[in-house]
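What follows is a single structure, written as structure tokens, with notes after it.
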Amino acid sequence: MDLTRNFTNLNRPQTIAGIEKTSYDLIIIGGGITGAGIALDAASRGLKTLLLEMQDFAAGTSSRSTKLIHGGLRYLKQLEVGLVREVGQERALLYSKAPHIVHPKKMLLPIIENGSLGVNATSFGLYMYDWLAGVDKDERRSMHTKAEILQMEPLLRDDLLLGGGLYYEYQTDDARLTIEVLKTANKFGATCLNYAEVTGFHYHANSNKIAGIKAYDHIDKVAFSAYAKQVVNAAGPWVDAVRAKDEHVKGKRLHLTKGVHVVVPYERLPLQQAAYFNTPADGRMIFAIPRGNTTYIGTTDTTYTGAIANPQADAEDVEYILNAVNFMFPTASLTFSDVLSTWTGLRPLIHEEGKAPSALSRKDEIFYSHNGLISIAGGKLTGFRKMAERTVDAVMKELYKSEGRTIKNSITDSITLSGGHFMYPEDVEPFIHELANQYEAQGITVLQMEDLVYKYGSNTLQVLQFFEEQKKTSKKTKERLLLAELRYGVQYEMVSNLSDFLIRRTGRLYFERPYIEKVTHLLLDELEKLLGLNKQQKLKYYSDFEKEYLFVVQFKEVVGAGS
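Start counting the sequence shown at 807; every next residue gets the next number (this note's numbering).
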């Protein structure tokens, strides 16, 4: 493990030159959570590993989930007992290895007349969930009367309410989790590159087996090649598109489903805790989760056949979610004009003939092409580590067959992720207050420090060092912190543009959209210095981000609700 390896694009030309000179054991296509997990597992087993992502890391599904590391309560209804057990165990492990970005959160499950679950079924389901997921004693479910539930959440409608349950889910930031996994893989020697698109494959002349990849660098506009003994396709919704670059897609294929989320001001839906409740339209369950000054709600689950890049929430999706909220919390009366932002993710599920989208299994599967391409699809955010372990096991078996390579077991269950270096998960809160006391004189509040630590964990110390270096500037504390985060992102998290920073590294586009409009030019000026941008590049970066800024509320153009 090399702790001196920085995760940055500042030396990108040298990185690509090094890639072309290196013979790899494994090349991974895709820089979402699945690819990131595979990179960490492979590198920590000693494999020379390269990961390439055509967009930014986590730009696809891995920044567009419900942002929960959960035990999969809904999968009990589909009798996927093994999946519930596995993700429950993985949830506990993730909390211990990355406590800064995985937090226990109380979840209210109201039971209503004619809902999909009755009182007895809910009680039994939550009991089974606790048992299968190995839930700690102090986080086990509790059942409550109607009066008790209304006391916990006064906004709930009381005419249909029968009672409810209280259980725990774990909240996360999916994109930041992906970045922390990649940073950890980098420390173990993996080379990971964003904005590097795989355009095709190289083949051995004598066997037609894949020998490497052809790629294009979207930042420096150059083509390059890389060679490896094995290639894994972990491209999420693009898995079939990558398979098609190797050979005609046969057999199993993807079934993409769309999951839309909306964000509203917390004051418009001021829930006392997160809630998981029935929709009136089709009985699907919906989450409503407070986060900072907002509450986000989702998700939908419908078949998707449109363009894979940047899927969009349409007015019908948003209306479905708002109707569900207004049904369960009638005094909210949410409308299109309340929506601050939206995001839409695509689930790369395995197609099963005749099944509705919500009934499709979330299990992962591995496919092999005749030419040796290994593809992994399906799965859940929570189960990424086990998915990676199974994939690298498959790679190791191929290496054993071809060259007698010793098969090493995965060690990722013992690896602390970047930023997670605390003795115990419970140490995160004291760390926040200790730093807040230390920096109180410089104007940093407890809430601001909490925000930093919940993003960067133990790496917050480096962000604060950058903050200290701006002492002599006339900028306000909030601006200094923002610029310190940006500098950290460029030097340690491969930030290359505004969208990388404001969407995938900090989530501000979704949760602080009114604020970022005020600081866009401040950030762009700092990026100009950090990256050495010329005027044309700077204008393009602004234009690209402006499109993203408008895109998250584009559905309003159709309904004329304003932005």
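Every residue, glycine too, gets a C-beta built ideally from N, C-alpha and C.
Cβ neighbour criterion (16 or more within 10 Å) applied to residue i
| i | result |
| --- | --- |
| Phe930 | exposed |
| Gly971 | buried |
| Ser1369 | Any reading at Ser1369 must be qualified, since the residue scores a pLDDT of 46, below 50, and its modelled position is unreliable; the value itself is stated next. Burial call: exposed. |
| Gln1271 | exposed |
| Thr1111 | exposed |
| Gln977 | buried |
| Leu1345 | exposed |
| Ala1047 | exposed |
| Glu954 | exposed |
| Thr872 | buried |
| Glu1363 | exposed |
| Gly888 | exposed |
| Leu853 | buried |
| Gly1249 | exposed |
Which of helix, strand or coil DSSP assigns to residue i
| i | result |
| --- | --- |
| Lys1169 | coil |
| Glu1352 | helix |
| Met958 | helix |
| Pro1043 | helix |
| Thr1197 | helix |
| Pro1076 | coil |
| Ser869 | helix |
| Gln1276 | coil |
| Val1028 | strand |
| Gly971 | strand |
| Ala792 | Since the first and last residues shown for the chain are 807 and 1369, residue 792 lies out of range. |
| Ile1250 | coil |
Alpha-carbon to alpha-carbon, residue j and residue i
| i | j | result |
| --- | --- | --- |
| Phe1030 | Leu857 | 14 Å |
| Val1038 | Tyr1230 | 35 Å |
| Gln1276 | Thr1266 | 16 Å |
| Lys1058 | Leu1187 | 21 Å |
| Ala904 | Ser1013 | 44 Å |
| Val1234 | Ile1172 | 37 Å |
| Pro1086 | Glu1125 | 12 Å |
| Glu919 | Pro1320 | 39 Å |
| Lys1261 | His1010 | 44 Å |
| Val1028 | Ala1002 | 10 Å |
| Ser1220 | Ser902 | 10 Å |
| Arg811 | Ala991 | 10 Å |
| Lys827 | Leu1330 | 34 Å |
| Leu1146 | Thr1101 | 10 Å |
| Lys780 | Leu1205 | Residue 780 is absent from the model: the chain starts at 807 and stops at 1369. |
| Thr1212 | Val1055 | 32 Å |
| Val925 | Trp937 | 18 Å |
| Leu1128 | Leu923 | 22 Å |
| Tyr1123 | Ala1130 | Residue identity differs from the one stated: residue 1123 is Asp in this sequence, not Tyr. C-alpha separation (whole angstroms): 11 Å. |
| Thr1326 | Glu1285 | 11 Å |
| Asp862 | Asp1306 | 7 Å |
| Met1091 | Tyr1082 | 6 Å |
| Gly1178 | Met1193 | 19 Å |
| Val1301 | Thr928 | 44 Å |
Short Cβ contact (9 Å threshold) for residue i with residue j
| i | j | result |
| --- | --- | --- |
| Arg1310 | Ala864 | yes |
| Val1004 | Met913 | no |
| Gly995 | Phe1007 | no |
| Thr1108 | Thr1063 | yes |
| Ile835 | Ala1041 | yes |
| Gly1313 | Arg982 | yes |
| Ser1216 | Asp847 | yes |
| Lys989 | Phe813 | yes |
| Gln1118 | Phe1351 | no |
| Leu1289 | Lys1281 | yes |
| Val1070 | Asp979 | no |
| His909 | Gly1263 | no |
| Pro1154 | Gly1184 | yes |
| Gln1078 | Glu945 | no |
| Ile875 | Glu892 | no |
| Gly1089 | Gly969 | no |
Where the beta strand (DSSP E) containing residue i begins and where it ends
| i | result |
| --- | --- |
| Asn1084 | Ala1080 to Asn1084 |
| Phe764 | The chain is shown from 807 up to 1369; residue 764 falls before or after that span and cannot be answered. |
| Ser1147 | Ser1147 to Ile1156 |
| Pro1071 | Leu1060 to Pro1071 |
| Ser1181 | Ile1180 to Ala1183 |
| Lys912 | Val908 to Ile918 |
Residue i, enclosing alpha helix (DSSP H) - first and last residue
| i | result |
| --- | --- |
| Asp1331 | Arg1319 to Leu1337 |
| Met949 | Looking at the DSSP string, Met949 is not in any alpha helix (DSSP H); the run it does join, the beta strand (DSSP E), is Ser948 to Thr951. |
| Thr984 | Asp980 to Lys993 |
| Pro1236 | Val1234 to Tyr1245 |
| Leu1289 | Thr1283 to Tyr1298 |
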